[in-house]
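Residue numbers (the working numbering), protein chains in the order written: chain A, 2 to 211; chain B, 2 to 211; chain C, 2 to 211. Everything below concerns the one structure shown next.
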C-alpha cells in the first residue's frame, strides 16, 4: 500500500514534468501524451527490454497507464497554474527517482545479474525516461550535463550492495537505499553541489567561443 | 493475397518517404537505405521488442527486406521524377498506416494485452517508424506537432474494440477499423482539420519570439 | 586468447572515441561514461534485443564493463595527451569494427537468420554504437553521411557468405571476412575513397545555400 502510493506520486511527477517540457516545444496533444508516457515509462521499458522481461512491465499495469494519461491531461489543462506546484513536483520527482532506482536494482537481482549491472539498471530505470524525453525533444539529455540526478542513483545502489553484507532484510535495505538517493539529491540541490567539473576554465571558454 | 498486396504498397510508400527525407539531409547511399528501412520497419520493430516477439517480424520476412531495398534504390534513381508520384504516395502511405495499425492491434491481442495497450501498439506500429526516422535525421518528430496521423490510428483502434461487442468476425472488424483510419486521415487532410490547439495566441507568439 | 585480446583492443578504441566526443560536448563525468558505454555496447545491444538474446551479452561480461569504465576514465584524465594516440586508436577502431561485424554475423547465424539479415546484424553491431552515440549527442549520425565504415562491414559480410560455398572452416572464414573489413576501410581512408555521391553539384549548392 505505502509503496504503491509512493509509486503513483513518482509516476505523476515524471508524467507532468514530461508534459511541461513537451508543451514548451509547442507539441500538440498527442505529442504531449507521448512525451509524458516516455518520461514515466521509458527507463523501465529500456531496462525490461535489455533484461528480457517482456511484455514490458507497464503493459500489464493499467493503473500506471491511466495515471500517466490523467497526469498529462491535468498538465495540459492547468499548465498556467502548475508553476505553484513546482516545489511539490520536485519532491515527488525525487521520491520517484528513489523508487525507480530500487525497482531497477530489484529487477536486475531477480534476473541474476552482477551488482554493478544491477546498479546500472537502477540508474537506467530512474534516469533514462528523461534521456529518451530529451532525445524526442531534440535536446542533448540534461542528465549528461548536470547530473546530481544520476550520481544520487548510483550512490543509492552502492549503499544497497554494501549494506547487503550486514543486513538480510531486503525491504529495509531498499528503504535505506531509496533514502540515500533522496538525501543526496536534496542536499545537492539545496547546497548547489554538482560533480567536480572535468574541464578547466580555458576549455570551457574555447567551447563557448566556438 | 489482397492483404499482402496492400502490405507491399504500404511498405513501398513508407520506404520511399524515408528515402526522400534522407536525401534532403544529403545522406549518402547507406544513410538513405537505413532511413528507408527504419521508416518502414521501425514501428513494428519497437512493438515486437516491447511485446517480446523475437527475432522481430521483418527478420523472417525477406520479401519485406527486398521491397525496402528496392524502393530505396528506386527513390535514389528517380528522385527528380518522384514529385509526380507524390499524390499516389500519399494514398499508399495512408493505406499503409491503416494496415500497420490493424497489424499492431492484432499483435497486441495475440499477446493477450489490454485493449488500451493494443490501440497503443497499433498506433506505435503505424507512427513510430516516422518518429525514429525524424530522430535519426535530428528533427523533432513531425507526428508530435501536426498529428492527424496518430489521431486517425487511435480512432481506428477504438472503432475496432467498440465494434467487437457487436461483431465476431475479426476480418470484417479489421477492414472497418482500417477504413476508419483511412477516412479520418483523408478528411483531415482534405479539409485541413487538425487537433484543436492547446495553446492560445499569446503563448504561440511568446515562443516564436524566443 | 588471440580473439579476446583483439576484442579488448576494439572495445577500448570504441569507448575512448565515445568519451572524446562526449567531452567535446562538455558533458560531465556521468555523461562521458554513458556515451563511452553506448559507443562500445550500443550496436551489440540493439542486435541482441532485436534477435531476442536477453539479458543482452554485455550484462554477463564483467570484463567488458570494467574495460569500458577504465577506458572512459583514462580518456578523461589523459584527454590532452590522447591526440598522440589518435593513429593507434584509429587502428584499434578498425580492428574493432572488423571483429564486431564478425560477431554480429555469428549471432545472426546462431539464430538461424537469412544471410542478408546476418550481414545487416554484423553491420549494425559494428556501426550502431556510433549511431546511438551521435543521437545522444544531438548530431545526425556521421555514418549516414560519410560511410566507408558501413560499406566495409557490408563487403566483409558478403565475402563471408560467398566463401561459405567453398570453405567449411568457420574460423578461417571469420578471419578472412574480418580482414576484408580492415583492408577496405584502410584503403578507403588512405586513398580518401568514399561512395560515389548520389547528388550532383547543383543539388549540393542548393542545400548549402538554404
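Every residue, glycine too, gets a C-beta built ideally from N, C-alpha and C.
For residue 56 of chain B, no chain A residue has a Cβ inside 9 Å of its Cβ, as the nearest lies near 13 Å away.
Where residue 119 of chain A is concerned, the enclosing alpha helix (DSSP H) starts and stops at 116-137. Distance from residue 96 of chain C to residue 191 of chain C at the Cβ level is roughly 16 Å; contact not present, criterion being Cβ atoms closer than 8 Å. Counting only Cβ-Cβ distances below 9 Å, residue 98 of chain C has no contacts in chain B at all, with the closest Cβ about 14 Å away.
With 16 or more other CB atoms across the displayed protein chains lying within 10 angstroms of its CB, residue 101 of chain C is buried.
With contacts defined by Cβ atoms closer than 7 Å, residue 185 of chain B and residue 156 of chain B form a contacting pair. Bounds of any alpha helix (DSSP H) do not take in residue 199 of chain C, whose DSSP letter is neither H nor E. Near chain A, meaning a CB-to-CB distance below 7 Å, the residues of the region 70-90 of chain C are 77.
Excluding the 5 residues flanking it on each side, residue 59 of chain A has same chain C-beta neighbours closer than 6 Å at 42, 65, in chain order. Under the three-state reduction of DSSP output, residue 48 of chain A falls in the helix class. Approximately 7 Å separates the beta-carbon atoms of residue 23 of chain C and residue 37 of chain C; this is inside 8 Å, confirming the contact. Within the region 151-184 of chain C, the residues whose Cβ lies closer than 7 Å to any Cβ of chain B are, in chain order, 151, 152. Looking at B:168, B:167, B:151, the one whose alpha-carbon comes closest to that of residue 35 of chain A is B:151. Around residue 46 of chain B, the beta-carbon contacts reaching into chain C at under 8 Å are 51. Take residue 33 of chain A, set aside five residues on each side of it, and the residues of its chain with a beta-carbon closer than 7 Å to its own are 20, 23, 24, 73, 77, in chain order. With its beta carbon less than 7 Å from one in chain C, residue 112 of chain A belongs to the interface. Judged by DSSP secondary structure, residue 186 of chain A falls within the alpha helix (DSSP H) whose first and last residues are 171-191. For a Cβ distance threshold of 7 Å, nothing in chain C lies close to residue 107 of chain A: the least Cβ distance comes to about 15 Å. In the structure shown, residue 165 of chain B adopts coil according to DSSP, grouped into three states. Among the CB atoms of chain C, none fall inside 7 Å of the CB of residue 62 of chain B. Any Cβ of chain A closer than 7 Å to the Cβ of residue 29 of chain C would place that residue at the interface, and such an atom is present. Note that the region 155-173 of chain B does not touch the region 129-139 of chain B; fewer than 3 beta-carbon pairs, one per stretch, sit closer than 8 Å. For residue 55 of chain B, there is no enclosing alpha helix (DSSP H), as DSSP marks it with neither H nor E. Annotated as proximal: residue 44 of chain C and residue 125 of chain C, with beta-carbon spacing under 7 Å. Counting the other CB atoms within 10 Å of its CB gives residue 84 of chain B a total below 16, which places it among the exposed residues.
For residue 141 of chain A, there is no enclosing alpha helix (DSSP H), since its DSSP letter is neither H nor E.
Distance from the CA of residue 112 of chain B to the CA of residue 57 of chain A, rounded to the nearest whole angstrom, comes to 12 Å.
Where residue 85 of chain C is concerned, there is no enclosing alpha helix (DSSP H), because DSSP gives it neither an H nor an E. Within the same chain, 98, 102, 123, 124, 127, 128, 182 come within 7 Å of residue 154 of chain B by CB-CB distance, once the 5 residues on both sides are set aside. Counting C-beta atoms within 10 angstroms of its own C-beta, residue 173 of chain B has fewer than 16 neighbours from the protein chains shown and is therefore classed as exposed. Taking a C-beta distance under 7 Å as the contact criterion, residue 146 of chain A and residue 63 of chain C do not qualify as a contact pair.
Note that the C-beta distance between residue 158 of chain B and residue 106 of chain B is below 7 Å. Relative to residue 11 of chain C, the option among C:91, C:50, C:137 whose CA is nearest is C:91.
For residue 20 of chain A, the enclosing alpha helix (DSSP H) stretches over residues 3-25. Within the model, the alpha-carbon separation for residue 139 of chain C versus residue 177 of chain C is close to 36 Å.
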